[in-house]
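S.K.:
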Amino acid sequence: MVCSVGLQTAADTVIKALANLMAIAGAGGREIVFIDTLPAVNLWMKIGGICSRVFGLKAIGRPLVVFGVKRAFPSLVSLVNRALMAEQKEV
Amino acid sequence: MVYFYHCYRGAHLSITAAALHLGKITVRSGVKELLALQYFDILQPEDMGTPVLAGYDRDNNPVYFVGLGRGSKIFARFADSLVRQLGLDIQYKSVDCLPCLNIFTRVGGFLARFRGIGVLGRRLAAWGVAKNLDRLHSLVLQAQGR
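Protein chains in written order, with the working numbering: chain A, 1 to 91; chain B, 1 to 146.
(1) Let me check understanding here. Comparing Cα to Cα, which of B:27, B:31, B:10, B:59 lies closest to residue 136 (chain B)?
(2) Go through its chain and collect everything with a Cβ distance to residue 2 (chain A)'s Cβ below 6 Å, but skip five positions before and after it.
(3) With 9 Å as the limit, tell me which residues of the segment 52-70 of chain B have their beta carbon closer than that to any beta carbon of chain A; keep them in chain order.
(4) Start and end of the beta strand (DSSP E) containing residue 6 (chain B)?
(5) Taking the runs of the beta strand (DSSP E) that are 3 residues or longer, which of them lie wholly in the segment 13-99 of chain B?
(6) Run the CB neighbour count on residue 15 (chain B), radius 10 Å, all protein chains shown included, and call it buried at 16 or more, exposed below.
(7) Which residues in chain A have a C-beta closer than 8 Å to the C-beta of residue 2 (chain B)? List them in chain order.
(8) In chain B, which residues lie less than 9 Å from residue 38 (chain A) when you measure between Cβ atoms?
(9) I want to see whether chain B comes within less than 8 Å of residue 16 (chain A), judged by CB atoms only; does it?
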C-alpha cells in the first residue's frame with residue numbers, strides 16, 4: 001500500500017513519534033516505511049506554493065508549482081527508486 | 001491501551017497531564033508540586049519525537065509524554081488515519097495538550113532556556129500550567145473516558 005500525506009514542517013518529529021508509538025503499541029509486525037520527499041522541493045515549488053496557498057493567487061502559483069515539479073521530477077524518480085531498492089534488499 | 005500526551009516541547013503541559021493521569025498530582029496542586037515533578041522543564045527541542053514513559057496507571061496502561069513541536073496538532077489525525085488505513089490492531093489514545101497553553105507557560109518556557117533567568121522562567125511556566133490545571137484535568141478525564 002502506498003500513501004501520501006502532508007506533514008507541514010514537522011515531518012521529522014511526527015514520523016519519529018509515530019514510529020515510536022507503533023513500536024510501543026505493537027503494530028502487529030506490519031512494516032511501515034516513511035519517505036521524506038521534502039529534499040526534492042525546489043525554489044519554484046516553494047514560491048508557487050506561497051503564491052497559491054498564502055496569497056490565494058492560484059493562477060500564478062499553480063503553473064509555478066507544476067514547473068517546479070517538472071524540474072524536480074528526476075529527483076523524485078531517484079527517491080522512489082532508492083526506496084524500492086532498499087525494500088528489495090530487505091526482502 | 002497506550003496513552004500518549006503531547007505538546008510542543010514535552011516539558012510542561014504533557015508531563016503535567018501524564019502526572020495528573022497517574023495521580024502524582026491533583027487538580028488542586030500548586031507551583032511547588034509541579035516543579036517537584038521529575039521531568040518538569042527537562043525535555044529540550046532535540047528530544048522532540050522521543051516519548052518518555054511517565055509510568056503505569058491503575059489499569060497497568062503505560063502513560064507516555066512527548067514533545068512534537070509544530071506537529072502536535074497533526075499527529076493524532078495522522079496516527080488515527082494510518083492505523084485505520086493499514087487496519088492495525090493497536091490500542092492507543094493520543095491527547096494534544098496544546099489547547100491548555102497560555103501566555104505564561106509560553107513565555108516561561110522560553111525564558112527557562114536561558115541561564116540566569118532559567119529559574120524565573122521555570123516558575124512562570126509552572127504558574128501558567130497551574131492556572132490551567134483544571135482544563136488539563138478535563139483532557140485527562142476525557143482521555144480516560146470518564
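Positions of the beta carbon are idealized from the N, C-alpha and C atoms, including for glycine.
M.R.: On the basis of the supplied data:
(1) Taking the second sequence and counting its residues from 1, one reaches residue 136 (chain B) at position 136. Across the set B:27, B:31, B:10, B:59, the C-alpha of B:27 shows the shortest separation from the C-alpha of residue 136 (chain B).
(2) Numbered from 1 along the first sequence, position 2 holds the residue referred to as residue 2 (chain A). Closer than 6 Å at Cβ, skipping near neighbours: no residue.
(3) From the segment 52-70 of chain B, only 53, 62, 64, 66, 67, 68, 69, 70 have a Cβ closer than 9 Å to chain A.
(4) As a first step, residue 6 (chain B) is located in the second sequence; it is residue number 6 there, counting from the start. Counting along the chain, residue 6 (chain B) sits inside the beta strand (DSSP E) bounded by residues 2-7.
(5) Counting only runs of 3 or more, we get 52-56, 62-67, 92-96.
(6) Sequence index remark: in the second sequence, residue 15 (chain B) carries index 15 (1-based). Its Cβ being crowded by 16 or more others within 10 Å, residue 15 (chain B) is buried.
(7) If you number the second sequence from 1, residue 2 (chain B) lands on position 2. Within chain A, 21, 24, 25 have C-beta atoms less than 8 Å from the C-beta of residue 2 (chain B), given in sequence order.
(8) Indexing the first sequence from 1 puts residue 38 (chain A) at position 38. Annotation: residue 38 (chain A) has no Cβ neighbours in chain B at a cutoff of 9 Å; minimum Cβ distance is about 14 Å.
(9) Working through the first sequence from its first residue, we reach residue 16 (chain A) at position 16. Chain B has a Cβ within less than 8 Å of the Cβ of residue 16 (chain A).
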